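Report on the structure given below.
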Amino acid sequence: LSVVGRHIYVRHQISIALLEFPALRVAGGDILIISNEILGGLSTPQLTLVNGSLRVSGNPGLERMDYALLESVGGDFEIAHNHLLPVVASPNLVAVGAALSVRFNPNVSLIELPLLDRVLGFLSVENSVALQALELPTLSFVGRYLWVTVNGALESISISDLAEVGHSLRIG
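For what it's worth, the working numbering labels the leading residue of the sequence shown as 287, then goes sequentially.
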């Protein structure tokens, strides 16, 4: 399976521990991975494009995700309420067409988005209490607001290429 024309929904599963799409390159719509009780791993090593939204939320056992080749999300990109997740990494992500939100992931200590250039909606990093540093070295544009709030261990923020935030900037 390399292309899905519309959506992928995996929701409210109680027995799936590992979800793998080893050849998936493109999702024409949304990918929603929501409220899966024992899901520990999510692997999409060839995924480059999601035309809709990508939401990974409410998976209490999730410990790893693989979005190594992901370059673009056309809608929202949300990683939220995944209590065991230590890292949010998408090293090839360049653009998000709506909001980028990393929130309520208490064990996330690293957010790795080294090529992220633009977020057309808002960018929010909230309630990731283990996060010590936020580095978005190539981010140049946020269309709405940029919020970095309630991240108790956060010691440094580096967004050196940021040229424009369309609405508001909130730190703390």
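For each residue, glycine too, the CB sits at the ideal point set by N, CA and C. Remember, it's a predicted structure, so these values are computed and weren't measured experimentally.
Using 10 angstroms around the beta-carbon of His490, count the other beta-carbons present and answer buried if the total reaches 16, otherwise exposed. Residue 490 cannot be examined here, being either before or after the span of the chain that is shown, 287 to 458.
Beta-carbon contacts of Pro331 that lie in its chain and below 8 Å, excluding the five residues immediately before and after: Stepping through the sequence shown from its first residue, residue 331 is reached at position 45. Contacts found: Pro308, Asp352, Ala354, Leu355.
What is the DSSP secondary structure of Thr272, counted as helix, strand or coil? Absent from the structure is residue 272, since the part of the chain shown begins at 287 and ends at 458.
For Gly347, verify whether its CB is less than 6 Å away from any heavy atom of the ligand ATP. Absent from the structure shown: the ligand ATP. Ligands present: none.
For my contact list, Asn391 and Ser414 are in at a C-beta cut-off of 8 Å; report their separation, rounded to the angstrom. Numbered from 1 along the sequence shown, position 105 holds the residue referred to as residue 391. Numbered from 1 along the sequence shown, position 128 holds the residue referred to as residue 414. Sure, about 5 Å apart at Cβ, within 8 Å.
Alpha-carbon spacing of Arg297 relative to Pro346, whole angstroms: As a first step, residue 297 is located in the sequence shown; it is residue number 11 there, counting from the start. As a first step, residue 346 is located in the sequence shown; it is residue number 60 there, counting from the start. Straight-line Cα distance between these residues: approximately 13 Å.
Residue nearest to Leu371 in terms of C-alpha spacing, selected from Ala449, Ser442, Pro423, Ile324: Locating residue 371 in the sequence shown gives position 85, where the first residue counts as 1. Out of Ala449, Ser442, Pro423, Ile324, Ile324 has the C-alpha closest to the C-alpha of Leu371.
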